[in-house]
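Engineer: Sharing a structure with you now.
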């Protein structure tokens, strides 16, 4: 077992969800491939860290000081969607259903893990709401307890500004059978039910 | 979604068992880590391809022309274990139970996939048996049909030399309950059963 291969496997094992066995399989796979595969990955790693920074407005990953969405003239600048990570913003962008702006929080509140409002971009969000022409803040966080707490925190924080604060709807996923829904999902589906026919009054 | 991140995710996706979602998770994880994590991996990738070559005797990965095992004075040079990949050799080395030499075949015969004897180090194995002082060749290949075919092929190839050809025992794995053994394993366990007490004759 050569030192260089051990170092490569150790470096690969630092990737998320890569255990010792996977790291070894990857290292040995790369040794058997053409040199270009390793070199391309090495170059992409260095380039990404060199060129990618945070958008100074919405805090998503960007190669320019202000990202493409923030600097676009075709976006609805009165709506701001708060997401946890750049990945969430990109998922929404791929859906093509949202035309407003974004604000990347950088995480959700989790005091137990040392993640307080100071380690998120909460103050920058408040500043944007205070200075930009935003009419609605849509909280696009997930369904965890921490995300719910964060949503409440933001909603209280923004109460002093003339903005509507909303959050993503909860309920059954598209195509989801009731038998696969957990109790909380069913609770939410019931509590947030929509009238589809008012009936006779 | 920036170009540099897209390129990084695409390069990561070329690793074995890494799909699109995992590649994105890895890319975004690396962006959030200190630069040293990406740089260490990039350096390890380039270094491994630069420094690691095939041992010219046993064909395992090595940083020297002749690998550490082949050049060691403490190995039993009369025994040669034939394995499919360097990984298999390293697993046996870690067990510490084998003190002979190795020969890395580079795969197993699979004519359907274009893997014939010419694409493996079969001829080099024959040459070693003909020129080195080898008394036993242990075929340490797996249990697939291709591996069995390859074992038979090697055994026929070496029939003209005064060497014993053996293969790893087949049967129940250590700690394996019968209920989890498949039919082939049970067949092998029965066919290759060992007498533990001769009884009265």
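Protein chains in written order, with my numbering: chain W, 1 to 201; chain F, 202 to 402. The beta carbon of each residue, even a glycine, is placed where N, CA and C say it ideally should be. The structure presented is a predicted model; accordingly, all values stated were derived computationally and were not measured.
What does residue 42/W reach in chain F if we use C-beta pairs closer than 8 Å?
Structural biologist: Chain F residues near residue 42/W: 242, 243, 244, 246, 247.
Engineer: Give me whichever residues DSSP pairs with residue 165/W in a beta bridge.
Structural biologist: Residue 165/W pairs with 137/W.
Engineer: Exposed or buried, residue 41/W, counting other C-beta atoms within 10 Å across all chains shown (16 or more means buried)?
Structural biologist: Buried, since its Cβ has 16 or more Cβ neighbours within 10 Å.
Engineer: For the region 70-103 of chain W, which residues have a beta carbon sitting closer than 8 Å to at least one beta carbon of chain F?
Structural biologist: Against chain F - using a Cβ distance shorter than 8 Å - the residues of the region 70-103 of chain W are 85, 86, 87, 90, 93.
Engineer: Just confirm the distance between the C-beta atoms of residue 129/W and residue 161/W, as a whole number of angstroms; I'd bet it's less than 8 Å.
Structural biologist: Right, their Cβ atoms sit about 5 Å apart.
Engineer: Cβ closer than 7 Å: which chain W residues qualify as neighbours of residue 205/F?
Structural biologist: What residue 205/F touches in chain W: 47, 48, 51, 52, 63.
Engineer: Any beta carbon of chain W sitting closer than 8 Å to that of residue 347/F?
Structural biologist: It does not; no Cβ of chain W falls within 8 Å.
Engineer: For residue 139/W, count neighbouring Cβ atoms within 10 angstroms of its own Cβ and tell me buried if that reaches 16, exposed if not.
Structural biologist: That one is buried.
Engineer: Tell me, please, whether the CB atom of residue 128/W is closer than 8 Å to any CB atom in chain F?
Structural biologist: Output row for residue 128/W: interface = no.
Engineer: For residue 238/F, which residues in chain W fall below 7 Å Cβ to Cβ?
Structural biologist: Per Cβ cutoff of 7 Å: 14.
Engineer: Can you find a C-beta in chain W that's less than 8 Å from the C-beta of residue 229/F?
Structural biologist: Interface residue, yes.
Engineer: With the cut-off set at 8 Å, would you say residue 136/W and residue 173/W are in Cβ contact?
Structural biologist: Not closer than 8 Å, so no.
Engineer: Identify the residues that DSSP records as bridge partners of residue 281/F: which are they?
Structural biologist: 302/F, 338/F.
Engineer: Given this structure, state the Cα-to-Cα distance separating residue 230/F from residue 73/W, to the nearest angstrom.
Structural biologist: Going from the Cα of residue 230/F to the Cα of residue 73/W covers about 30 Å.
Engineer: With 8 Å as the threshold, decide whether the Cβ of residue 25/W is near any Cβ in chain F.
Structural biologist: With 8 Å as the cut-off, residue 25/W counts as an interface residue toward chain F.
Engineer: Going by CA-CA distance only, name the one from 163/W, 159/W, 169/W that's closest to residue 148/W.
Structural biologist: Per the Cα distances, 169/W.
Engineer: Starting from residue 25/W, follow the alpha helix (DSSP H) in both directions and report where the run begins and ends.
Structural biologist: Element bounds for residue 25/W: 20-32.
Engineer: If I follow the unbroken alpha helix (DSSP H) through residue 345/F, where does it start and stop?
Structural biologist: Segment: none, residue 345/F is in no alpha helix (DSSP H) and carries neither H nor E.
Engineer: Compare the C-beta of residue 208/F against all C-beta atoms of chain W and say whether one is closer than 8 Å.
Structural biologist: So, interface residue.
Engineer: Under the three-state reduction of DSSP, which class applies to residue 57/W: helix, strand or coil?
Structural biologist: The answer is coil: DSSP assigns residue 57/W none of H, G, I, E or B.
Engineer: Taking the DSSP output, what are the residues bridged to residue 316/F?
Structural biologist: Its beta-bridge partners are 311/F.
Engineer: Could one say the Cβ of residue 359/F lies closer than 8 Å to chain W's Cβ atoms, at least one of them?
Structural biologist: Not closer than 8 Å to any Cβ of chain W, the Cβ of residue 359/F fails to qualify, so no.
Engineer: Kindly indicate if chain W contains any beta-carbon less than 8 Å away from that of residue 385/F.
Structural biologist: Not an interface residue.
Engineer: So residue 31/W contacts chain F; which residues on that side make the cut at Cβ distance below 7 Å?
Structural biologist: Ordered by position in chain F, the residues that pass the 7 Å Cβ test against residue 31/W are 249, 253, 262.
Engineer: For chain W, find out if any of its Cβ atoms is closer than 8 Å to the Cβ of residue 202/F; answer yes or no.
Structural biologist: For residue 202/F, the answer is yes, since a Cβ of chain W falls inside 8 Å of its Cβ.
Engineer: So for residue 72/W, helix, strand or coil by DSSP?
Structural biologist: DSSP places residue 72/W in coil when its eight states are reduced to three.
Engineer: Going by DSSP, what residues sit across from residue 263/F in a beta bridge?
Structural biologist: Per DSSP, 254/F.
Engineer: Name the chain F residues whose beta carbon is nearer than 7 Å to that of residue 11/W?
Structural biologist: Those within 7 Å of residue 11/W in chain F are 241, 242, 245.
Engineer: Going by C-alpha distance, which of 302/F, 264/F, 265/F is nearest residue 282/F?
Structural biologist: Selected option, being the one with the closest Cα: 302/F.
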